[in-house]
Structures are given as C-alpha cells and as structure tokens.
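J.: Its first residue numbered 15, the sequence shown is counted upward by one per residue in our numbering. Ideal placement from N, C-alpha and C gives every residue a C-beta, glycine not left out.
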Amino acid sequence: MSALGKVVRAGVGRKRVQTLVMVLTTMMSVTACILAVGLLVAARGPYQRSFTDQHGAHLNVLYDPTAASPDRLAAAAHAPGVTASAGPYPAVTVRPRSGEGTELPPPGSLLPPMTLVGRAQDGPLDGLRITTGRWVAGPGEVVLPDGRSPLAVGDGMQFPDLPGHPTLKVVGLASSVSWSADGWIAPEQVAGLTAPGTTAAAQYLYRFARAGTDAEVEADHAALAAAVPAGALVRATSYRPAQQEADRTASTFVPFVTAFGVLGLAMSVLIIGVVVSGAVTAATRRIGILKSLGFTPAQVARAYVGQALIPAGTGTALGVLGGNVLSVPVLGIARKALRGGLLGIPLWVDLAVPLAALAAVTGTALVPALRAGRLRTVEALAVGRTAPGAKRAAALAARGGPGDAGAPGLSARVRHGIGRLPVPRSLSLGLASPFNRPGRSATTGAAVVLGTAGVTLCVGLTLSLGLLQEGLEAGRGGKVVVQAPIEGGTKPAEQVDEAAVARAIDARAGTAAWYSSVPAQAAVAGNTGRSEVVAFSGDVSRAGYQLVSGRWFGGPGEVVVGSAFLRANQAKVGDTVTLTDHGRTTPARITGEVLATEDFVYVDRATLAPLGGAVAAEAIAFHIDLTPGTDPKTYADALDGAVRPMGLSAEPGEQHVNIVVLAMNTLAGVLTLLLSAVAGLGVLNTVLLDTRERVHDLGVLKALGMSPRQTVGMVLTSVCGSGLVAGLIGVPLGVAVHHWVMPAMARAAGIGVPDADLGVFGPSVVGPLVLGGVALALLGAALPATWAARTRTVTALRTE
Numbered sequence: 015m016s017a018l019g020k021v022v023r024a025g026v027g028r029k030r031v032q033t034l035v036m037v038l039t040t041m042m043s044v045t046a047c048i049l050a051v052g053l054l055v056a057a058r059g060p061y062q063r064s065f066t067d068q069h070g071a072h073l074n075v076l077y078d079p080t081a082a083s084p085d086r087l088a089a090a091a092h093a094p095g096v097t098a099s100a101g102p103y104p105a106v107t108v109r110p111r112s113g114e115g116t117e118l119p120p121p122g123s124l125l126p127p128m129t130l131v132g133r134a135q136d137g138p139l140d141g142l143r144i145t146t147g148r149w150v151a152g153p154g155e156v157v158l159p160d161g162r163s164p165l166a167v168g169d170g171m172q173f174p175d176l177p178g179h180p181t182l183k184v185v186g187l188a189s190s191v192s193w194s195a196d197g198w199i200a201p202e203q204v205a206g207l208t209a210p211g212t213t214a215a216a217q218y219l220y221r222f223a224r225a226g227t228d229a230e231v232e233a234d235h236a237a238l239a240a241a242v243p244a245g246a247l248v249r250a251t252s253y254r255p256a257q258q259e260a261d262r263t264a265s266t267f268v269p270f271v272t273a274f275g276v277l278g279l280a281m282s283v284l285i286i287g288v289v290v291s292g293a294v295t296a297a298t299r300r301i302g303i304l305k306s307l308g309f310t311p312a313q314v315a316r317a318y319v320g321q322a323l324i325p326a327g328t329g330t331a332l333g334v335l336g337g338n339v340l341s342v343p344v345l346g347i348a349r350k351a352l353r354g355g356l357l358g359i360p361l362w363v364d365l366a367v368p369l370a371a372l373a374a375v376t377g378t379a380l381v382p383a384l385r386a387g388r389l390r391t392v393e394a395l396a397v398g399r400t401a402p403g404a405k406r407a408a409a410l411a412a413r414g415g416p417g418d419a420g421a422p423g424l425s426a427r428v429r430h431g432i433g434r435l436p437v438p439r440s441l442s443l444g445l446a447s448p449f450n451r452p453g454r455s456a457t458t459g460a461a462v463v464l465g466t467a468g469v470t471l472c473v474g475l476t477l478s479l480g481l482l483q484e485g486l487e488a489g490r491g492g493k494v495v496v497q498a499p500i501e502g503g504t505k506p507a508e509q510v511d512e513a514a515v516a517r518a519i520d521a522r523a524g525t526a527a528w529y530s531s532v533p534a535q536a537a538v539a540g541n542t543g544r545s546e547v548v549a550f551s552g553d554v555s556r557a558g559y560q561l562v563s564g565r566w567f568g569g570p571g572e573v574v575v576g577s578a579f580l581r582a583n584q585a586k587v588g589d590t591v592t593l594t595d596h597g598r599t600t601p602a603r604i605t606g607e608v609l610a611t612e613d614f615v616y617v618d619r620a621t622l623a624p625l626g627g628a629v630a631a632e633a634i635a636f637h638i639d640l641t642p643g644t645d646p647k648t649y650a651d652a653l654d655g656a657v658r659p660m661g662l663s664a665e666p667g668e669q670h671v672n673i674v675v676l677a678m679n680t681l682a683g684v685l686t687l688l689l690s691a692v693a694g695l696g697v698l699n700t701v702l703l704d705t706r707e708r709v710h711d712l713g714v715l716k717a718l719g720m721s722p723r724q725t726v727g728m729v730l731t732s733v734c735g736s737g738l739v740a741g742l743i744g745v746p747l748g749v750a751v752h753h754w755v756m757p758a759m760a761r762a763a764g765i766g767v768p769d770a771d772l773g774v775f776g777p778s779v780v781g782p783l784v785l786g787g788v789a790l791a792l793l794g795a796a797l798p799a800t801w802a803a804r805t806r807t808v809t810a811l812r813t814e
C-alpha cells in the first residue's frame, strides 16, 4: 500500500465516531433523496405506464349479436385506425341487490346497474391485475373493479328477478386500466344472468393509432359504427375518463413531493458540507505533519478527499439500499392511490442520486483540503494546535502578523456580552459556544431550519388534508342515516311520510339535529356540464359542508355550487342560474362555492316549489347528528324499529377512508422523519467537532470544578439558541410552503381550498413547532454532551 493510501486508511480508522456520523449522514440524505425523486417520478404519468403494462384498450364496445353476424363483428377489427382488438366476450347488464351478510350497503339494497363480462383474467388487451382476493374459479363468483366497487371481498349480490334467483360472491378486486366493465365472471355464468327473451351482448376491446384526445376517440367510435350494420353498436366506453381521473389524482402528489424533495436536497447538501468540511478543517495540524514529512499540497488534498469519500461512499451505498427497501411499502401505498405507477425505484435514480451525493462530498472536501494544503508547514502546525477562537491569530503570528493585538472581533464582543448574563457560568459558556465557529454554526442552523420547516409542512398537510377530507365527505352520511331504498321495501319509496319520519327522529332521545337530502329532476338551463341538483330541508349546518367562497344558501331562490360547476359553465359567485323542469323555470342566485369534486348544485327544497313535481321522492335520506355521548349503533337500532314500517332503515353513518389522503399523510410522515434524522445528525456532528476541538479547554474547566451535570448543561445550551432561532425561522418557512402546496394540490384536483382548511396554524400548533427546533437540536447534541461529561479530566488535559 502506498504512503498516501496508509494516510487515508489511518485517517478513517482514527476518528471512528466522526466516520460513523459521516456514514449515517450520507445514508439518510441519499435515502431521503432517492425516495423523494422516486415518488416524483411515480407521480408523473402513472396512468400511461399502467396503460402500457396492462395493454389497455382505447374503446370498450358492446355489440348486439342479433344485429350482425359474428364474422361482420370480427371484421370491425379492420376498421380505419384500429391497431389491435380483443373479443368477443359475452356481457350482460344487470341490476343486482346486495346479498346476505353485506354490511354496507345493507342486505337487499338495490345496487347501481352493472355490466358483467365473462372472460379470463389475461388477454390481448386490458390485462386485469388482482389487488385483493383472487380471480373467479367458476360460476357463482365475481371480481369487481378496485376503487369503483360498491361491495368488498366476501360480500354477495343477489338477482331475485332472474330465474333461479342466482347469487354471486365477490372473491376479488381487480384493476382495469380501461374501466372495461363493472365486474368479471366466468363465461358460463353469463347465460344464468341473462333475462328471458334477451341475448347477451358481445364485448370487443380496441386500440387505435390515434386516440390521445376526446375528438380522436370520437372519430374512432364513428369508424367502428360505420363498419357494422346500423344498430349493432350498442355502447362504446372510452378510456379517457379513467385517464383523466388518474392524471388528476397523480398531479395532486407533485406539489407536496416537490416541496419535500427540495427541502431534502437542500438539507442534504448543507449537512454533507458541514460534516465533510468540519472533518477536514479539524485535521489541519495533521496536514501540517504530513507536509513536514514531504507530502505535496496535491497529495494532502487527495488524502483528505479520500478520507471523506470512503465513509461517504459507504453511506451512499447504504442509502441506495435503504431507499429501495423503503420504497416498497411507500410506493405501494402511492400505487394504490394513483391506481398505477412504479413498483420500484428506476435504475437511473439509483445511479443519478449517488453520483450527485459523491460529487457534493468531493467538492465540499476539496475546498478546505486545498486551502489547508496551501498553508505553510509552520502555519498548519500552529493553527492545528490552537483553540478555534485563536486559530486566525496563530496563523497571523506564524506569518509575522499582528496576531491578536487588534480590536476584538464581533464574535469576541458577543461572547463577552453573553458572559455577563445573570446565568450560571456553564450555561453562558454554552450560549457563547456557537460564536467560536459562526460559519459552521450558521450552516448547521440552516439545516435545522429546513428540518423544522419540513416538520411544519408535514403537520400542516396532515391537519389540512384531514379537514379537506371531512369537507369532501360532507353530506355522504351523518352519525346515523335513515335511508329510503331506491326500490322495494315494505312500502313504495314515493309514499314515505316525511312528517312521520321527522316526528320519529325528533322523539328519539339523543337527537341533536337532522336534515334531509333528495336528488331533484330539475336541471340547470344552459348547463354545459353534468350537474346534479340536490335539495335539502332541515338543519343543513350540521352537514359539514365547507365553503370555498361566499355563503350557504339562506332560503328559496338561492343555490350553492361546486367548483366543477363554476369551471364548466364559466360562472362565478353572484351570478344567476335558471332551474328548469318540464318546461317550468325558476331563477336562483349563486351565493357560494362549496367544496366538492362532483358537479353538484345544492338548493333549498322550497326553491323547487315553482317547478311543481321537480323533487323525486325516491332516495330521500335523513342525516342525523347525535348529542355527545350517544352511541350511534344503539341509536340506529332503536330508530330502525320505528321507521321500518315506513319502508326505511336506520344505519350508522359510513366512515370513508380516502386512500389518496392516507397515502399523502404516510409519504409526508416518512419524508419528515428522514429529514429530521438528517438535521439531527448534522447537529450531532457539529457539536461533536466543537467538543473535540475544545477538549483541552474542557479538561481545564473540569479541573476548576465543573461537574458532569454542568458539562452536559453547557453542551446542550450551546445548541438551544440556534435551535430556537431555527424554530422561529423554520416554522414561518414551513407555513409559507404549506400555503403554496395546498392550493397547488387543490388546483390539480380541480377544487378550491376553504380558508378554514388553510388556517390550521393556531397558537396551539405553532408553539410546539417552534420549540420543535430546540428539541431537534437537543436530540442531536445529546450524545456529544454525554461523551463530554464522561471524559476524564486527566485525559482531556493531555489532549491537544
């Protein structure tokens, strides 16, 4: 081994604690960066990747086999623009009811119409991916689409109107990138689900050379319709709604992943710079010794860059491994939320991030190594043996300069001022310690600032997303819901006596308030979207709807609408819309924009009175809020007995878990933990360097009577000031990033953000977050403080 190699190996092995800190710092930094970049890549275009992987279809077409021969239908695969096709698959459209044992919806509830297709799991187009459960093994089983299924695995569905009253059990959930069906069954099951006198449809799947826009898909649809006899093409479903929903969901991830990625990258560069630069600077005297032995400045620089690269390279390798291991559960959650995307970190990310990290280490180490290498031997020896506060004076003295004869610098005056504070001497020494190395302390403080900002952003996102989810779920339930079956029951739904239901609810102990909702047949004149009018009566203030702007309607003649309605109709709060039904019209003014992803128009039921029979009585729902301490299940069971004779049922309200919100909170939490660990390691390294540089001074203080407890207090106090300042700066920075990220995410999702969902940083939140900067700094300084307290006085005095 060459002399230079021995120097590098000895330098790495001699300072084991510092080497370990450098390994851990680079490992955490690289892990955080790989995870952030991987998430950012996963959030960009996940649908297109899934569409390619699963051989998605641009159009899913149902043909009437009685209107065209099989050969004529097969010939449609040669229509202009068709590049691939699959089929025919037998398909039937049914209206099932929920089976026995189903909790939500209750057994016997009428489910939405479903198109069930008999096919195998794999095929030339639209390969299906099982996400939960298994594929169908034969008749009597069904697989439903993940994310769009009204039932869960293990639930059942009934068909009481079909001969033999067939039933199906849900055995799995599958992902269809084309939304090609509402469920999949065994092909031999189709005949048993086909109503007498009807024929099962034939489904074909198609891909086209041009299908990137709605207009191109419509042209492809027209080409297929022209290739078969008139009336043979019953229905064509485009992949575009699935793509738009997936892209909208994915785009909501980009702003917050970008914010965390930028914070992580900036913090990683800062901390790596502090660790490497401190390691080289602390070895100045050793550099002088090497120069006295004949090493050239270039050899000295290469030696200390090598000493930095060895632990940094180890940490980088471990960081790549850790990032890929951690990506399995994290990207798994993201994949479920995005309904597609990456299963692992791309190879180019595993290569680019380590190269960037090692380049940062090399550049950071090279600057102080070259600077030290240019020192004359006597200067390096003099600076290396001198306490940090006097190193500049020693260097000047070695050159024959004025030394410390001049006026004291700013840091010296600050330390003198701190020494006059009415606090124990050990604490004042700790408070003055950052001014011994102001540059190093400032850089570490900046890392703590970014760590505090990351924690603030995570807390703000968690609180805001929770409130946002509550607002989006408003109206979908209460603590108890009294629901009229869409059809069936002991009494037809249109004969429900609402007054009797209201009396039963009001008479029940535990009722706090209630309101009713009902879809209306009324439409909005000139509406360019697909708006659904929903009418309310009762105390709607308990529904939990959140307003982005304006106010809730106050009575007849007023409506509130969702962001989708305003965007589709180029309307604004204050405009007047016209509600219409069967030739009758009534004006209504938009008083507010409600938080909703659906294109809803909310009105008071009295607003629809001029339209006559505009309110459809089926599907009336009563949403009940309970007094504190009332058990929803007990209340619902008691109320159910009173409303059953009216054709209704009472059930506890559903609690929905939004997978997108869950994924975002999980990702933010993981990234915040990594950033906090990096910041804590940066503090640990800085305090460790300062303590080792001042170990002789520490021995003098111990000889003068400083106890171990006072030593710990001095070291911990040295980071309290910078931690507090970091909290005071980092929290406002995190709030500012939060106020940018949340609206950006909302815009991507096509909604606005209510002020209440942004204003989550009250005093009870900000106070602990500011102190979190101090806590983060104290955690980083805990180990060096313990080491300093345990150092023997004799050992410290002998150390230079």
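What residue range is occupied by the uninterrupted alpha helix (DSSP H) comprising A791?
T.: Unbroken alpha helix (DSSP H) run through A791: 777-804.
J.: Roughly how many angstroms lie between the CA atoms of G168 and G161, to the nearest whole one?
T.: Cα to Cα, the separation comes out at about 16 Å.
J.: When the Cα of P102 is compared with those of L475, G95, S83, P94, which residue comes out closest?
T.: S83
J.: Hey, how far is the Cα of L54 from the Cα of P768?
T.: Going from the Cα of L54 to the Cα of P768 covers about 26 Å.
J.: Could you pull out every residue in the same chain whose Cβ sits closer than 6 Å to the Cβ of A537, ignoring the five residues on either side in sequence?
T.: Here A537 has T594 as same chain residues with Cβ atoms under 6 Å from its own Cβ, once five neighbours each way along the sequence are excluded.
J.: Pull up the CB-CB distance for A93 and A241, whole angstroms please, since I reckon it's below 8 Å.
T.: 4 Å
J.: Would a C-beta distance cut-off of 8 Å place G737 and V788 closer than the cut-off?
T.: yes
J.: Is the Cβ-Cβ distance between A205 and G152 less than 8 Å?
T.: no
J.: With a threshold of 7 Å on Cβ separation, who are the neighbours of A802 within its own chain once the five nearest residues in sequence on each side are excluded?
T.: Closer than 7 Å at Cβ, skipping near neighbours: T705, L712, T725, V729.
J.: Would you kindly check if the distance between the Cβ of V248 and the Cβ of W198 is under 8 Å?
T.: no
J.: Just confirm the distance between the C-beta atoms of S99 and Y253, as a whole number of angstroms; I'd bet it's less than 8 Å.
T.: 14 Å between Cβ atoms; not a contact.
J.: Sorted by chain position, which residues of the same chain lie with C-beta nearer than 7 Å to S163's C-beta, five sequence neighbours on each side aside?
T.: Close CB contacts of S163 within its chain, under the 7 Å cut and outside five residues either way in sequence, are with L187 (chain order).
J.: Out of curiosity, what's the CA-to-CA distance linking L445 and T40?
T.: 29 Å
J.: So what's K647 in DSSP terms, helix, strand or just coil?
T.: It is helical.
J.: Excluding the 5 residues flanking V624 on each side, which residues of the same chain have their C-beta closer than 6 Å to its C-beta?
T.: The sequence shown places Pro at residue 624, not Val. T600.
J.: Pick from T266, P782, A585: whose alpha carbon is nearest that of A760?
T.: Out of T266, P782, A585, T266 has the C-alpha closest to the C-alpha of A760.
J.: Can you look up D771 in the DSSP assignment and give me helix, strand or coil?
T.: helix
J.: Work out the CA separation of T80 and L361 for me, nearest whole Å.
T.: 52 Å
J.: Could you name the residues of the same chain whose beta carbon sits closer than 6 Å to that of L284, not counting the 5 residues immediately before and after it, in chain order?
T.: Taken in chain order, the residues that qualify are T457, A460, A461.
J.: Give the secondary structure of W566 by DSSP, where H, G and I count as helix, E and B as strand, and everything else as coil.
T.: W566 carries a coil assignment under DSSP once its states are collapsed to helix, strand and coil.
J.: Would the stretch 606-613 count as touching the stretch 463-476 if we require 3 or more Cβ pairs under 8 Å?
T.: no
J.: Using DSSP with H/G/I as helix, E/B as strand and the rest coil, what is F550?
T.: strand
J.: Report the three-state DSSP secondary structure of P104 (helix, strand or coil).
T.: strand
J.: Would you list the residues sitting across from I604 in a DSSP beta bridge?
T.: V573
J.: Closest to A691 by CA distance: which of L793, V150, N583 is it?
T.: L793
J.: Rounded to whole angstroms, what is the Cα-Cα separation between P722 and L703?
T.: Going by the C-alpha atoms only, they are around 19 Å apart.
J.: Among E546, I144, G766, L323, which residue has its Cα nearest to the Cα of L479?
T.: G766
J.: Identify the continuous alpha helix (DSSP H) that holds Q203 and give its terminal residues.
T.: Segment: none, Q203 is in no alpha helix (DSSP H) and carries neither H nor E.
J.: May I have the straight-line CA-CA distance separating M720 from L443, to the nearest angstrom?
T.: 12 Å
J.: Mapping the DSSP letters down to three states, classify L369 as helix, strand or coil.
T.: Here L369 sits in helix by DSSP.
J.: Determine the extent of the beta strand (DSSP E) in which A664 is found, giving its start and end residues.
T.: Its beta strand (DSSP E) spans residues 663-666.
J.: Just to check my reading of the structure: D234 and G333 have Cβ atoms closer than 8 Å, yes? What is that Cβ distance to the nearest angstrom?
T.: Not a contact, Cβ separation roughly 48 Å.
J.: DSSP has N74 in a bridge; who is on the other side?
T.: L219, T251
J.: Taking the Cβ atom as the reference point for each residue, do A71 and L238 lie within a distance shorter than 8 Å?
T.: no
J.: Look at the alpha carbon of L640 and the alpha carbon of N583, and state the distance between them as a whole number of angstroms.
T.: 38 Å
J.: Use the C-beta contact count for S732: other C-beta atoms within 10 angstroms, 16 or more gives buried, fewer gives exposed.
T.: buried
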